[in-house]
Structures are given as C-alpha cells and as structure tokens.
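Engineer:
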Amino acid sequence: MSRKPIIAGNWKMHLLKSEAKELFEGIKNYVKDYTAKELPTVVIAPVFTSLAAVETVACDCGCGGNKINIAGQNCHWESSGAYTGEVSVEMLKDAGCSYVIIGHSERRQYFSETDEMINKKAKAILAGGLIPIICCGETLEQREAGVTDSWIAGQIKAALEGISSADVAKSVIAYEPIWAIGTGKTCDSDEANRVIAMIRSVVKEVAGAEAADAIRILYGGSVKPSTIEEQMSKSDIDGALIGGASLKADSFNEIIDKTMKLTLAAK
Ligand code: PGA
Numbered sequence: 555m556s557r558k559p560i561i562a563g564n565w566k567m568h569l570l571k572s573e574a575k576e577l578f579e580g581i582k583n584y585v586k587d588y589t590a591k592e593l594p595t596v597v598i599a600p601v602f603t604s605l606a607a608v609e610t611v612a613c614d615c616g617c618g619g620n621k622i623n624i625a626g627q628n629c630h631w632e633s634s635g636a637y638t639g640e641v642s643v644e645m646l647k648d649a650g651c652s653y654v655i656i657g658h659s660e661r662r663q664y665f666s667e668t669d670e671m672i673n674k675k676a677k678a679i680l681a682g683g684l685i686p687i688i689c690c691g692e693t694l695e696q697r698e699a700g701v702t703d704s705w706i707a708g709q710i711k712a713a714l715e716g717i718s719s720a721d722v723a724k725s726v727i728a729y730e731p732i733w734a735i736g737t738g739k740t741c742d743s744d745e746a747n748r749v750i751a752m753i754r755s756v757v758k759e760v761a762g763a764e765a766a767d768a769i770r771i772l773y774g775g776s777v778k779p780s781t782i783e784e785q786m787s788k789s790d791i792d793g794a795l796i797g798g799a800s801l802k803a804d805s806f807n808e809i810i811d812k813t814m815k816l817t818l819a820a821k
C-alpha cells in the first residue's frame, strides 16, 4: 500500500502570535500553488496561545482534503474539569486542530509523562475524532546498551493498549531518537528505517497486518532540507516530525517541496 507522507512541524515553545502568523502565512503562500493531493499531509503544531493565529487550509480543487492541518502539542484525556493548565481534545478541536502530538520526549522527560498517560491521551484523541501523533524513542545510553528495540516496542505496545485496529490504522507514530533531537545529529537513515520497520512489526503484532500497513510512521530528530530526500527514499519512513527546521518558512517549505517531488516522481 502506498501511504501518504506527512510533514509535521513541531513549533515547541517558540513564536509569539504575530511570529506564528507570519510563519503560517509563509507556508500558506507556498502550498497555494499545489493541491492537497499533490502535497504531503502538512501539519503544524503551534503553542496553544497561537492556535488562533493559524488555521486549517482546505484545498480549493474540490477534493475535500486540506493543504495545512493544525495540531496541538499535548492534551489531557478528560473532556473538562479541575485540571489547571491543561487542555482537552474537545478544546483543541474547537481551536481547529485535527492532530495532537503526544508522548514527545520533552514531555516525558520534563513533565513526567508516562506510557499509561500517553495511552489515555491516545484513546481520548481518537474518541474525539482527532489523530494522535504518538512519539517514541531511545536515549543515547539505551542505544549504547543495545536496548533500543525492546524499549521502543514497550513504548508502542503501551501506547496502543486497548485501541481498536481501525483506530490504530488512522494513528501516526513518530520515531524520534532522543539523542538526535535538536542536536544536529540525525540518525543514519538506514538505521531509522530499520527501527521504523521494527515498530511496524510491533503494530502488526498488536493490531494486525492491515493496521501495520496503513499506519504512518515518521522519523524525527534534526531533519533538515539536506536530509529529507534520503530519509524519504527509505521503504518504511512515511514522513518527518520537524522541530528546528520547521521554524522558518524557507526550510519547512523546502522539506515539503522535496517530499512532494519525490512522491510524485515515484508514481
Ligand atoms: P528537531 O526536533 O527537528 O529540532 O531535532 C524534532 C522534534 O523534537 O520533534
């Protein structure tokens, strides 16, 4: 099956409203020349306070697709309540989001997010009709100790626990080796592809072959315009989750452009 690539920009805790608006306009200006069918699935994840400065951009060709989709960077699993500082799936949907990033290593590391919490968030996101982008990845110590595969398999099994195969098929996973995030050191693309194929086999084990074939699994960790073509040429890498290089319209648009041209050339 051919899976539509995803290029997702994780803006992390960057950009004031006016800056977010300017970056958004720069991306919007690039995608206007293409249809949603030609483009990869483009997702941007601003901070909550900038969600009002961006918007979903629907395709004007009548295909019903979107040229730009919006994501939350986190959510709570309850729909409302006394959870100071949190935001629910319904609230993200209300703000125009159709995706939510969960389990990013920065959330796991600095905010003590556990596999169990990530599982509850994934279920709430899917129940609300949105798509989770579930992050996983190993530390340098884990990689050097040779436990990368078992660690990631554990993260994926825990995140997908109790989720139907149909919902798993719609979900997105992002493999982000922690040592490659924001460091400028990308994971060797053959190795990233190997780990992603391993993740796909774990998905097959827990949700069946159809879900494993349909689920889109991204690579993240210092992705740049100069690395994307090699990464996208690998069999199991379905796109990228991009931090630093998503903060400038030029580099993010170049990544979208290269991904689109590779996909169109492969057809
Ligand atoms: P980076 O971040 O592209 O800056 O390495 C990726 C991420 O954390 O999603």
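Using the numbering used here, read the sequence shown as starting at 555 and increasing by one per residue.
By construction, the Cβ of each residue, glycine as well, lies at the ideal position given by its N, Cα and C atoms.
Note that this is a predicted model, so its numbers are computed, not measured.
What are the partner residues of Tyr664, as DSSP defines its beta bridges?
Structural biologist: Tyr664 pairs with nothing; no bridge assigned.
Engineer: According to the neighbour-count rule (16 or more other Cβ atoms, all chains shown, within 10 Å of its Cβ), is Asp767 buried or exposed?
Structural biologist: With fewer than 16 other Cβ atoms within 10 Å, it is exposed.
Engineer: Between Ala803 and Gly580, is the Cβ-Cβ spacing less than 8 Å?
Structural biologist: Yes; because the gap between Cβ atoms is below 8 Å, this pair is in contact.
Engineer: Excluding the five sequence neighbours on either side, which residues of its own chain have a C-beta within less than 6 Å of the C-beta of Leu714, listed in chain order?
Structural biologist: Taken in chain order, the residues that qualify are Val722, Val760.
Engineer: Pair every Cβ in the region 652-670 with every Cβ in the region 702-719, then say whether three or more of these pairs are closer than 8 Å.
Structural biologist: Yes, they touch.
Engineer: Compute the beta-carbon to beta-carbon distance between Ile622 and Val654, rounded to the nearest angstrom, for a pair I have assumed lies under 8 Å.
Structural biologist: Contact flag wrong, Cβ pair sits at about 16 Å.
Engineer: Pull the bridge partners of Asn620 from the DSSP assignment, please.
Structural biologist: DSSP, once it has assigned bridges, lists Ala612 as partnering Asn620.
Engineer: Considering only heavy atoms of the ligand PGA, does any lie closer than 7 Å to the CB of Ser743?
Structural biologist: Answer for Ser743: no, Cβ out of range of the ligand PGA.
Engineer: Would you mind stating whether Ile771 and Ile750 have Cβ atoms separated by less than 8 Å?
Structural biologist: Taking 8 Å as the Cβ cut-off, Ile771 and Ile750 qualify as a contacting pair.
Engineer: Taking the continuous alpha helix (DSSP H) assigned at Arg557, which residues delimit it?
Structural biologist: Element bounds for Arg557: n/a, residue is neither H nor E.
Engineer: Compute the Euclidean distance between the alpha carbons of Asp648 and Ala699, then round it to the nearest angstrom.
Structural biologist: If you take the alpha carbons of Asp648 and Ala699, they lie about 44 Å apart.
Engineer: Quick one: what's got a C-beta closer than 6 Å to Lys788's C-beta in the same chain, skipping five residues either side?
Structural biologist: The answer, listed in chain order, is Ser743, Asn747.
Engineer: At a cut of 8 Å, does the region 635-651 reach the region 682-691 through at least three beta carbon pairs?
Structural biologist: Touching, yes, given that three or more Cβ pairs across the two stretches are closer than 8 Å.
Engineer: By how many angstroms is the C-alpha of Thr589 removed from the C-alpha of Met567?
Structural biologist: So the alpha carbons of these two residues sit roughly 30 Å apart.
Engineer: If I'm right that Ala562 touches Gly775 with Cβ under 8 Å, what's the distance once you round it to whole angstroms?
Structural biologist: About 13 Å; that fails the 8 Å criterion.
Engineer: Start and end of the beta strand (DSSP E) containing Tyr584?
Structural biologist: Tyr584 -> not in any beta strand (DSSP E); alpha helix (DSSP H) instead, spanning 571-585.
Engineer: Going by beta carbon distance, what residues of the same chain come within less than 6 Å of Lys558, once the five residues before and after it are set aside?
Structural biologist: Closer than 6 Å at the Cβ level, and outside the excluded window around Lys558, lie Thr595.
Engineer: For the alpha helix (DSSP H) that contains Thr817, what are its first and last residues?
Structural biologist: Note, Thr817: alpha helix (DSSP H), 803-820.
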